[in-house]
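The opening position of the sequence shown corresponds to residue 9 in the numbering used here, with each subsequent residue numbered one higher. For glycine and all other residues, C-beta sits at the position ideal for the given N, C-alpha and C.
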Amino acid sequence: MMATTATTATARKALSVDSQALNRMRTLPVEGGEATNNVVSLEAYLRESLPVELGALAKEVVEQMIGEDRLTGVEVMYHLPEESVQAELPRRQFEQVVEQLVAASAQSMRLVTGKPHVMRVIVEAADDFGDYGPRLRLQDTGAALLSETLDAVAERVEKLGAKLTVKSRPSGGNIFVVELPPEELASW
């Protein structure tokens, strides 16, 4: 059976790595140790930095959440550049950042009544001069988020070597910006 993009993405989501479970599997007696090697290889693959197209990845995560009815009542608008915006990063970790931000945004919008619930997913290319890296921006029409929610997301973003900026607009709504490091600094 050949894996398609959809089944691969679904498999990645289902294969969240639990370090305690991996340690238990490593201690199982297996002839030749092949199962242990496969588990270690999978763990390394999920953490490996690979070229990722940011717009496609963000859209894939959001569409999956829509399919799971996690964004019911939310109108999603995509503002993606015509040219591909690539970044080299651990795909699964970035998927988790996008998923957490989108879920937090949807939750904040559920707290507001009497306004349309609109989320904008915006991907911006890196600056040509290397002043800033590629950016993922989410804008919503929700209430301000709790600091505990933001702290959890910020921790994941920092592990990617990126920066999270959050602004709550006086008229209502939030702007989340995940700025990845410029390509020249990405390997530092």
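Quick check on residue i: does DSSP put it in helix, strand or coil?
i: Asn182; result: strand
i: Lys163; result: According to the sequence displayed, residue 163 carries Glu and not Lys. If DSSP states are grouped into helix, strand and coil, Glu163 belongs with the helices.
i: Leu154; result: coil
i: Pro59; result: strand
i: Thr149; result: coil
i: Glu191; result: coil
i: Ser144; result: Residue identity differs from the one stated: residue 144 is Leu in this sequence, not Ser. Looking at Leu144 - three-state DSSP - the assignment turns out to be strand.
i: Ala134; result: coil
i: Leu172; result: strand
i: Arg177; result: coil
Who are the near neighbours of residue i in its chain, counting only those whose CB is closer than 6 Å to its CB and skipping five residues on each side?
i: Lys171; result: Glu187
i: Leu112; result: The amino acid occupying residue 112 in the given sequence is Ala; Leu does not appear at that position. Within the same chain, Ala112 has close Cβ partners Leu153 and Thr157.
i: Thr173; result: Val185
i: Pro189; result: Gly141 and Gly169
i: Val120; result: Gly150 and Ala151
i: Gln72; result: none
i: Arg78; result: none
Taking residue i as the reference, which of the options has the closest Cα?
i: Ile74; options: Glu96, Glu107 and Glu91; result: Glu107
i: Glu191; options: Pro142, Phe102 and Val105; result: Pro142
i: Val165; options: Leu119, Gln101 and Gly122; result: Gln101
i: Glu56; options: Ser179, Arg99 and Val110; result: Arg99
i: Leu88; options: Pro178, Leu65 and Val110; result: Leu65
i: Lys167; options: Glu90, Leu79 and Gln104; result: Gln104
i: Val110; options: Ser179, Val70 and Leu119; result: Val70
Below 8 Å CB to CB, which residues in the same chain sit around residue i once its five sequence neighbours on both sides are set aside?
i: Gly181; result: Gln147, Asp148, Thr149 and Gly150
i: Met9; result: Its pLDDT being 37, under 50, Met9 is placed unreliably in this model, and the coordinates cannot settle the point.
CB-CB under 7 Å to residue i, same chain, minus the five flanking residues each way: which ones, in chain order?
i: Val1; result: Any answer about residue 1 is impossible in this case: the structure gives the chain only from 9 up to 196.
i: Ala162; result: Leu172
i: Gly122; result: none
i: Tyr86; result: Lys67 and Val129
i: Ser176; result: Ala152 and Asn182
Quick one: does residue i have its CB under 9 Å from some CB of chain B?
i: Leu153; result: Here there is only one protein chain, and chain B is not present.
Legend entry - Cβ contact check for the region 131 to 138 and the region 150 to 159: 3 or more pairs under 8 Å: no
Legend entry - Touch test, the region 142 to 153 against the region 113 to 130, Cβ-Cβ under 8 Å, three pairs minimum: yes
Inset, instruction - Go through the region 62 to 129 residue by residue and report every complete run of the beta strand (DSSP E) that reaches 3 residues or more, in order. - result: 83 to 87 and 94 to 98
Inset, instruction - Would you be able to state if there are at least three C-beta pairs under 8 Å between the region 90 to 100 and the region 55 to 65? - result: yes
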